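Residue numbers (full-length UniProt numbering): 1 to 84. Working notes for the structure below.
Okay, structure coming up:
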């Protein structure tokens, strides 16, 4: 099934693709879209604090995970060397 803009780009009589019609439909679609925001809205103090707390918690959990992995690896190597 063709999308509407792709369908309109075909000449209905001949069934051939017309790139000019397709390009025109793309330009119309872009022209009708709303303009992007110039600048994002400013951060409020509450949002900044929430973001800082989130990044701090994420950093702490990553550090804890790395420490756990290092400890487990060290214990595994120590056990392997002791058994052989």
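From the three backbone atoms N, C-alpha and C, an ideal C-beta is built for every residue, glycine too. If you're wondering where the values come from, they're calculated on a predicted model, not measured in any experiment.
Rounded to a whole number of angstroms, what is the C-alpha to C-alpha distance between residue i and residue j?
i, j, result
"residue 70", "residue 76", "10 Å"
"residue 82", "residue 59", "34 Å"
"residue 50", "residue 63", "20 Å"
"residue 55", "residue 72", "26 Å"
"residue 1", "residue 67", "Caution is warranted here: a pLDDT of 44 is assigned to residue 1, below 50, making its placement in the model unreliable, and the coordinate value is therefore given only provisionally. Distance between the alpha carbons of residue 1 and residue 67 is about 54 Å."
"residue 48", "residue 61", "20 Å"
"residue 53", "residue 65", "18 Å"
"residue 74", "residue 57", "26 Å"
With a threshold of 16 other CB atoms inside 10 Å of the CB of residue i, please say whether the residue is buried or exposed.
i, result
"residue 9", "Caution is warranted here: a pLDDT of 49 is assigned to residue 9, below 50, making its placement in the model unreliable, and no coordinate value can be reported."
"residue 79", "exposed"
Going by the C-beta, is residue i closer than 7 Å to any heavy atom of the ligand FAD?
i, result
"residue 78", "As far as ligands go, the structure on display features none, and thus does not contain the ligand FAD."
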